[in-house]
Amino acid sequence: MRRSVIGLLLIGFALLSLGLRLTAEDQPKITPKPLDMSLPEYDPQGNLLRPAGFEKWTVVGTSIGLSYSDDKDRDPKNPGMFHNVYMQPQAFDHFVRTGEFPEQTVFVVTNNPSQPTKGKDELNRKGFFAAPSTGLEVAVKDSQRFEDVWAYYMFHDKADAKNSDRTRDSEKAFPRADCHECHLEHGQTDNVFTQFYSVLTSARERHLAETGPEK
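Here you go:
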């Protein structure tokens with residue numbers, strides 16, 4: 087009788103262990119945020135505050151003229167907006183090592199109109215440079231805050247930054263249909279358009295070539 091009881095207990099422990107393991111395997115893999123990483127901030131209503139100090143973050147890619155529209159009305163003599171893409175240095179390092187974006191990753195995309203150099207000085211060179219930004223596009227990864235893990239925001243910069251107030255702007259996230267579906271369908275890595283971020287992907291490829299995948 088005692089052996090039967092012990093046998094039943096062992097079977098029960100085995101089944102419990104199996105169930106816990108299966109439950110853990112069913113859960114989505116969430117990569118915790120690195121230590122000392124700049125985090126997204128929110129106002130009391132839950133709106134995202136305009137990222138502060140992002141200019142010191144890592145630039146992961148630059149483009150000109152990329153647009154969601156067909157731009158039928160674009161000036162053929164103007165190449166379109168310059169876009170610089172920033173992310174926290176710690177999130178950059180984590181992706182290079184692991185190929186994954188950690189929790190609290192923030193991407194900031196600046197929208198800078200292209201301005202011709204002609205007439206700017208005596209050099210009178212040909213080409214374009216990035217004028218001051220007219221706004222920021224921001225993506226935030228947070229599985230605890232957002233049902234779809236990623237959320238997307240737009241901040242419009244004031245025309246006269248010198249005379250603007252010193253309070254930080256805050257914005258609500260776009261509805262899912264406005265941004266998330268497009269990123270889900272076309273983002274190459276975890277909803278992110280890494281196909282356009284050559285600095286980030288090249289660093290990842292060099293890391294893999296030198297050390298191999300992280301175990």
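Numbers in the working numbering are just positions in the sequence shown, counted from 1, shifted up by 86.
Yeah, the Cβ is synthetic: ideal placement off N, Cα and C, and Gly gets one too.
Computed from a predicted model, the values in this text were never measured in an experiment.
For residue j and residue i, the rounded distance between their alpha carbons
i	j	result
residue 249	residue 268	Unreliable placement is indicated for residue 249, whose pLDDT of 49 sits below 50; the coordinate value is still reported in the next sentence. Between residue 249 and residue 268, the C-alpha separation is close to 37 Å.
residue 114	residue 229	Since pLDDT at residue 114 reaches only 44, below the 50 mark, its modelled position is unreliable, and the value read off the structure follows with that caveat. Computed Cα separation, rounded: 10 Å.
residue 182	residue 119	14 Å
residue 285	residue 129	32 Å
residue 112	residue 174	Residue confidence is low: residue 112 scores 43 on pLDDT, short of 50, so the model does not pin down where it sits. Its coordinate-derived value is still stated next. In a straight line, the C-alpha of residue 112 is about 30 Å away from that of residue 174.
residue 244	residue 220	7 Å
residue 107	residue 135	Bear in mind that the predicted position of residue 107 carries a pLDDT of just 49, short of 50, making it too unreliable to give a figure here.
residue 260	residue 198	21 Å
residue 147	residue 289	11 Å
residue 236	residue 271	13 Å
residue 127	residue 273	25 Å
Top-ranked residue by Cα proximity to residue i, from the options
i	options	result
residue 163	214, 139, 224, 183	214
residue 283	125, 139, 171, 176	171
residue 292	225, 175, 179	179
residue 217	261, 263, 165	165
residue 132	297, 256, 147	256
residue 125	189, 296, 198	189
residue 258	184, 299, 225	225
residue 57	236, 254, 231	The requested residue 57 does not occur in the structure, where the chain is confined to residues 87 to 301.
residue 138	123, 236, 273	123
8 Å CB neighbourhood of residue i in its chain, flanking five on each side removed
i	result
residue 187	117, 177, 180, 181, 227, 275, 276, 278
residue 232	226, 259
7 Å Cβ cutoff met for residue i and residue j
i	j	result
residue 192	residue 223	no
residue 287	residue 280	yes
residue 184	residue 300	yes
Proximal residues to residue i (C-beta, below 7 Å), its chain only, five neighbours per side dropped
i	result
residue 109	Because the pLDDT of residue 109 is 43, which lies under 50, any placement of that residue in the model is unreliable, and the number read from its coordinates should be weighed accordingly. Cβ neighbours of residue 109 beyond the five flanking positions: none.
residue 234	262, 266
residue 149	169, 282
residue 153	166
Own chain residues within Cβ distance below 6 Å of residue i, not counting five before or after
i	result
residue 211	203
For the region 119-186, which segments carrying the alpha helix (DSSP H) assignment without a break, of at least 4 residues, lie completely within its bounds, in sequence order? 175-184
Can you list, in chain order, the stretches of the alpha helix (DSSP H) that have 4 or more residues and sit fully within the region 210-290? 262-272
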